[in-house]
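Worksheet: one structure, shown below.
Numbering (mature numbering (1 follows the signal peptide of the UniProt record, and there is no 0)), first residue to last: -20 to -1, 1 to 269.
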């Protein structure tokens, strides 16, 4: 069971969060400014699960590719929060599900990306860049669910690259690795005022299928093992999974199926290498030779 505690009363905004295990719905926060919040709810670590973890604090500049996406529409005042990874100064790679249900329901989506992000009060390192509906490019075969769940977002202006904001490499066209047994690092959401991350072992799709209670694992996905690294309590859809080799960080996955940290199911990611051609055609990313 998820456990919560009331922490404080603030006078800024009213926030109601809903984290769904349905992969069609990212984390939805309804924001109403300038209203009193009688109780700010903060998620406890699941005490009944020894693997449950809030992860580790993110240091400034540690994951300079991480992007927080604030997605809006013209019908409701709600803002949908999701994540992505900066792959060029003008493009963020994320999930199609971030936008699909919003566009189907409301007809359009737009918003802004936050980079250099650690916490909302940490403004001196942070950059914001808007994106419009026309800049959202979803895989044409995505209809909901886990297949073809990939999208690029064109920012209206290029971000300024520095030690806090940097794009991440994608797997080379010749890279045929599965990344099994490598240590994958995923950035999550906030806990106690800071962004968090966790490291888990990447496992084979066959092992993932054995451990998973109901999902069908195919070649477009990869998985990480909660039993080696812990069950992360603070994830956002679209957050990048990266590994490191002799040339530095590589983005290998985007968080696509999330479970409560009370469960030890493998976390599913979109396997970025399965969509290299599509990404190259729908962004200005240039692959290493």
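We treat Cβ as the ideally placed atom computed from N, Cα and C, and that holds for glycine.
Cβ separation of residue i and residue j, assumed to be a contact under 8 Å, to the nearest whole Å
{"i": "residue 35", "j": "residue 212", "result": "6 Å"}
{"i": "residue 164", "j": "residue 139", "result": "That belief does not hold up - the Cβ atoms of residue 164 and residue 139 are roughly 25 Å apart, past 8 Å."}
{"i": "residue 202", "j": "residue 233", "result": "5 Å"}
{"i": "residue 79", "j": "residue 116", "result": "5 Å"}
Beta carbon of residue i nearer than 8 Å to that of residue j
{"i": "residue 86", "j": "residue 50", "result": "no"}
{"i": "residue 113", "j": "residue 97", "result": "no"}
{"i": "residue 110", "j": "residue 136", "result": "yes"}
{"i": "residue 261", "j": "residue 248", "result": "no"}
{"i": "residue 252", "j": "residue 231", "result": "yes"}
{"i": "residue 133", "j": "residue 74", "result": "yes"}
{"i": "residue 254", "j": "residue 199", "result": "yes"}
Cβ shell of residue i (< 7 Å), same chain only, five flanking positions each side left out
{"i": "residue 192", "result": "245, 246"}
{"i": "residue 271", "result": "With the chain represented from -20 up to 269, any question about residue 271 goes unanswered, as that position is not in the structure."}
Residue interval of the beta strand (DSSP E) (run including residue i)
{"i": "residue 117", "result": "116 to 118"}
{"i": "residue 201", "result": "201 to 205"}
{"i": "residue 176", "result": "174 to 183"}
{"i": "residue 251", "result": "247 to 251"}
{"i": "residue 228", "result": "228 to 237"}
{"i": "residue 243", "result": "Residue 243 -> no beta strand (DSSP E), and no H or E assigned at all."}
{"i": "residue 62", "result": "59 to 68"}
{"i": "residue 105", "result": "Premise fails: residue 105 is in no beta strand (DSSP E) and is neither H nor E."}
{"i": "residue 94", "result": "90 to 95"}
{"i": "residue 225", "result": "220 to 225"}
{"i": "residue 72", "result": "71 to 74"}
{"i": "residue 139", "result": "Per DSSP, residue 139 belongs to no beta strand (DSSP E) and is neither H nor E."}
Element boundaries [alpha helix (DSSP H), containing residue i]
{"i": "residue 259", "result": "256 to 261"}
Simplified DSSP state of residue i, which is helix, strand or coil
{"i": "residue 111", "result": "strand"}
{"i": "residue 31", "result": "coil"}
{"i": "residue 53", "result": "coil"}
{"i": "residue 79", "result": "helix"}
{"i": "residue 171", "result": "strand"}
{"i": "residue 145", "result": "coil"}
{"i": "residue -13", "result": "Below a pLDDT of 50, predicted positions are generally treated as unreliable, and residue -13, at 35, falls in that range; the measurement from the model is reported next regardless. Coil at residue -13, not helix or strand."}
Proximal residues to residue i (C-beta, below 8 Å), its chain only, five neighbours per side dropped
{"i": "residue 227", "result": "149"}
{"i": "residue 256", "result": "150, 151, 153, 267"}
{"i": "residue 264", "result": "68, 70, 71"}
Residues near residue i by beta carbon distance below 6 Å, same chain, minus five either side
{"i": "residue 179", "result": "163, 165, 209"}
{"i": "residue 83", "result": "89"}
{"i": "residue 43", "result": "167"}
Any chain B beta carbon closer than 8 Å to residue i
{"i": "residue 184", "result": "The structure shown has no chain B; it contains just one protein chain."}
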